[in-house]
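Take a look at the structure set out below.
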Amino acid sequence: MARWGGRARPAMQVPGPSVREAASMYGTAVAVFLVILVAALQGSAPAESPFPFHIPLDPEGTLELSWNVSYVQETVYFQLLVRELKAGVLFGMSDRGELENADLVVLWTDRDGAYFGDAWSDQKGQVHLDSQQDYQLLRAQRTPEGLYLLFKRPFGTCDPNDYLIEDGTVHLVYGLLEEPLQSLEAINTSSLHTGLQRVQLLKPNISQPALPVDTHTMEIRAPDVLIPGQVTTYWCHITELPDGFPRHHIVMYEPIVTEGNEALVHHMEVFQCAAEVESVPHFSGPCDSKMKPERLNYCRHVLAAWALGAKAFYYPEEAGLAFGGPGSSRFLRLEVHYHNPLVIRGRRDSSGIRLYYTAALRRFDAGIMELGLAYTPVMAIPPQETAFVLTGYCTDKCTQLALPPSGIHIFASQLHTHLTGRKVVTVLARDGREREIVNRDSHYSPHFQEIRMLKKVVSVHPGDVLITSCTYNTEDRRLATVGGFGILEEMCVNYVHYYPQTQLELCKSAADPGFLRKYFHLVNRFNSEEVCTCPQASVPEQFASVPWNSFSRDVLKALYGFAPISVHCNKSSAVRFQGEWNRQPLPEIVSRLEEPTPHCPASRAQSPAGPTVLSIGGGKG
Numbered sequence: 000m001a002r003w004g005g006r007a008r009p010a011m012q013v014p015g016p017s018v019r020e021a022a023s024m025y026g027t028a029v030a031v032f033l034v035i036l037v038a039a040l041q042g043s044a045p046a047e048s049p050f051p052f053h054i055p056l057d058p059e060g061t062l063e064l065s066w067n068v069s070y071v072q073e074t075v076y077f078q079l080l081v082r083e084l085k086a087g088v089l090f091g092m093s094d095r096g097e098l099e100n101a102d103l104v105v106l107w108t109d110r111d112g113a114y115f116g117d118a119w120s121d122q123k124g125q126v127h128l129d130s131q132q133d134y135q136l137l138r139a140q141r142t143p144e145g146l147y148l149l150f151k152r153p154f155g156t157c158d159p160n161d162y163l164i165e166d167g168t169v170h171l172v173y174g175l176l177e178e179p180l181q182s183l184e185a186i187n188t189s190s191l192h193t194g195l196q197r198v199q200l201l202k203p204n205i206s207q208p209a210l211p212v213d214t215h216t217m218e219i220r221a222p223d224v225l226i227p228g229q230v231t232t233y234w235c236h237i238t239e240l241p242d243g244f245p246r247h248h249i250v251m252y253e254p255i256v257t258e259g260n261e262a263l264v265h266h267m268e269v270f271q272c273a274a275e276v277e278s279v280p281h282f283s284g285p286c287d288s289k290m291k292p293e294r295l296n297y298c299r300h301v302l303a304a305w306a307l308g309a310k311a312f313y314y315p316e317e318a319g320l321a322f323g324g325p326g327s328s329r330f331l332r333l334e335v336h337y338h339n340p341l342v343i344r345g346r347r348d349s350s351g352i353r354l355y356y357t358a359a360l361r362r363f364d365a366g367i368m369e370l371g372l373a374y375t376p377v378m379a380i381p382p383q384e385t386a387f388v389l390t391g392y393c394t395d396k397c398t399q400l401a402l403p404p405s406g407i408h409i410f411a412s413q414l415h416t417h418l419t420g421r422k423v424v425t426v427l428a429r430d431g432r433e434r435e436i437v438n439r440d441s442h443y444s445p446h447f448q449e450i451r452m453l454k455k456v457v458s459v460h461p462g463d464v465l466i467t468s469c470t471y472n473t474e475d476r477r478l479a480t481v482g483g484f485g486i487l488e489e490m491c492v493n494y495v496h497y498y499p500q501t502q503l504e505l506c507k508s509a510a511d512p513g514f515l516r517k518y519f520h521l522v523n524r525f526n527s528e529e530v531c532t533c534p535q536a537s538v539p540e541q542f543a544s545v546p547w548n549s550f551s552r553d554v555l556k557a558l559y560g561f562a563p564i565s566v567h568c569n570k571s572s573a574v575r576f577q578g579e580w581n582r583q584p585l586p587e588i589v590s591r592l593e594e595p596t597p598h599c600p601a602s603r604a605q606s607p608a609g610p611t612v613l614s615i616g617g618g619k620g
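According to numbering that gives the first Met the number 0, the residues represented by the sequence shown are 0 to 620, in order.
See below:
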């Protein structure tokens, strides 16, 4: 369902706020200074809320997290609402969302009182009080809604038991304590009601541009969906633009989530169908349904993407994403991911995305370019690997030919792999030297994908190289995982959003197929087991017959590190730019960026030596 024609009000201009902290004492057994955040710590947040970012932590709605970021202080301020407190709660972060080896903050009670402290869990899930108390309680307050806990935590602490908060995905974990405890060490996470939620904590500090006066809105919704009673559902819904809908620029979009379903709607995307597809059958149902029309597979051009915890997405003032008019399909596909771990039945939903668009076209069309690896089985990951890296290149030859002399400016990015992806990074190199990170997610999850605004616009000039590397974990697989479109195959993609739009839509690479054939022959010679290298065998079949040992693994890894590449320097028509693109040498990189070192807080004089004792019986703690 698409709704359009509504006129949107221009965004209100909010004066740039400054951080104000008011300290007051409250009656706890240990005196704690309260910090009341009156203005946004980021410098760009709405004036009405010191905590502009919100997510429900658990599907029952018992826990709700709000937060804000101070880049000046390199600190995250958290506000945790516990609606039905029993004996306590734990909250924290871990590498992949596990409760073992997690960095935690715990509110727990015994028969005499309540305590708040920085803690960590070991590999068995046993909880220990941290000797370095880096989570600092600022306020505890009982309200009719529940108990509010306001606390802060530096990005980095240099504590080996603490999680380093950095750009990209953060796996938040939580647990509920049902009974009072004799001590914190009595907690083992395996016996608790626990869960995880993924967010981008470090939101970019970017001001919101004003919307044009003539801005209109269009709502792309799947109406009255009966959410299936299963853990994971991808729901596809086809809608279409009005006849004769002229060319417009999308300048902003935001989520519309049905009230009460905030914990079930995990992420949403709007795709435009290919212009050459004249018609697409109307369909609203599970994306994996056998009844899904095949032509929905031609609806892949991303117009908007939202994930839990994200707010509105604004285009730069000088650019907008074109849709409508000649050469643009009228058909749109909305995809909604429902995450329903409690298998709730009978719930109805009409969530979607609201597009803000204008007929007053901006100076530049924004474009979307695919970087990374070509979709080919030539690129593969051996089974039972913990961190296997594959790299795709957008070469200097391609950017020299396809980019305008003034270059392009990347302002947003969406990283993408399938199920085994664990890390993704794109680096810009110039004259053989890595210059800057375009986007990096060291805790990437294929279950949490969104278009993210970059903290800093990255300019790419003709002759630059864009290097995209993905790290995979295949510990649970018995056969090699090859590249391809299937969910059990793999991808390594960075969809970069940039302006001005060029003809270059795809800039990727893959290892030369001839060198892979040599690899199969070599493995055959050094193994007693026969590897099928006959012409009629497909590349996936040949990988499936490889005996995976240290030799075959190391040689494949070495092959991808030195073999020439086939470069896909493609226009939107899927036709390559004119030139020789096969058996191209790997770009030579003589200088690489150093890994960032965590910044430790200068002073811990204000940090408590142990847990904070507090009263949560009523009123202020």
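Built from N, CA and C at the ideal position, the CB exists for glycine as well.
Over the uninterrupted beta strand (DSSP E) stretch that includes residue i, give me the two end residues.
i	result
Asn523	Run containing Asn523: none in the beta strand (DSSP E); it sits in the alpha helix (DSSP H), Pro512 to Arg524.
Val566	Ile564 to Lys570
Ala318	Ala318 to Phe322
Ala118	Ala113 to Ser120
Val81	Thr74 to Val81
Ile466	Val464 to Tyr471
Tyr147	Gly145 to Pro153
Gly351	Gly351 to Thr357
With distances taken between CB atoms, is the gap from residue i to residue j smaller than 9 Å?
i	j	result
Thr249	Leu331	Correcting the residue type first, residue 249 is Ile in the shown sequence and not Thr. Result no, Cβ atoms of Ile249 and Leu331 do not sit closer than 9 Å.
Ala321	Leu360	yes
Phe410	Ala311	no
Leu389	Ser468	yes
Cys506	Thr398	yes
Thr108	Leu56	no
Gln413	Arg451	yes
Val495	Asn438	yes
Asp364	Pro499	yes
Ala509	Leu558	no
Ser416	Glu474	The sequence shown places Thr at residue 416, rather than the Ser named in the question. No, these two residues do not count as a Cβ contact at 9 Å.
Cys393	Leu465	yes
Val198	Val224	no
Gln122	Glu144	no
Asp395	Gly485	no
Ile407	Glu504	no
Pro382	Thr480	yes
Glu648	Gly420	The question about residue 648 has no answer here: the residues shown for the chain are numbered 0 through 620.
Pro203	Glu316	no
Arg294	Pro280	yes
Under 6 Å Cβ to Cβ from residue i, same chain only, skipping five residues before and after it: list those, please.
i	result
Asn187	Gly124 and Gln125
His236	Ala221, Ser283 and Leu333
Leu106	Gly87, Val88 and Phe115
Thr74	Lys151 and Pro153
Leu400	Phe576
Leu149	Gln78, Leu137 and Arg138
Val456	His408 and Phe410
Pro539	Pro376 and Val481
So residue i packs on residue j, CB below 8 Å; how close in whole Å?
i	j	result
Leu592	Val426	7 Å
Pro227	Pro292	The Cβ separation is near 20 Å, so there is no contact.
Gly323	His247	5 Å
Closer than 8 Å by C-beta to residue i: which residues in its own chain qualify, once you throw out the five before and the five after it? Chain order, please.
i	result
Ala608	Gln132
Asp242	Arg329
Glu63	His53, Ile54, Pro55, Leu56, Leu79, Leu80 and Arg82
Phe561	Leu585
Ala103	Contrary to the premise, residue 103 reads as Leu rather than Ala in this sequence. Only Leu89, Phe90, Gly91, Asp117, Ala118, Trp119, Ser120, Val126 and Val172 meet the Cβ criterion.
Thr596	none
Pro340	Pro58, Gly194 and Val230
For the alpha helix (DSSP H) that residue i lies in, which residues bound it at each end?
i	result
Gln399	Asp395 to Ala401
Glu218	Unbroken run through Glu218 is the beta strand (DSSP E), His215 to Arg220; no alpha helix (DSSP H).
Ala543	Val538 to Ala543
Val554	Ser549 to Phe561
Residues in its own chain within less than 7 Å of residue i by CB, not counting five upstream and five downstream?
i	result
Val335	Ala221, Trp234, Val264, Met267 and Ser350
Ile588	Ala428, Gly431 and Glu433
Leu40	Bear in mind that the predicted position of Leu40 carries a pLDDT of just 37, short of 50, making it unreliable; the figure below should be weighed with that in mind. Result list for Leu40: Val18, Asn67, Val68, Ser69 and Tyr76, in chain order.
Glu178	Ala86
Quick one: does the C-beta of residue i sit closer than 8 Å to a heavy atom of the ligand HEM?
i	result
Thr231	In terms of ligand content, the structure shown is empty, and the ligand HEM therefore cannot be addressed.
Three CB pairs or more closer than 8 Å across the region 153 to 161 and the region 178 to 187: Taking a contact to require three or more Cβ pairs closer than 8 Å, the region 153 to 161 and the region 178 to 187 do not qualify as touching.
Quick test of the definition: if touching needs 3 or more C-beta pairs under 8 Å, does the region 372 to 382 touch the region 450 to 466? Below 8 Å, too few C-beta pairs join the region 372 to 382 and the region 450 to 466 to call them touching: fewer than three.
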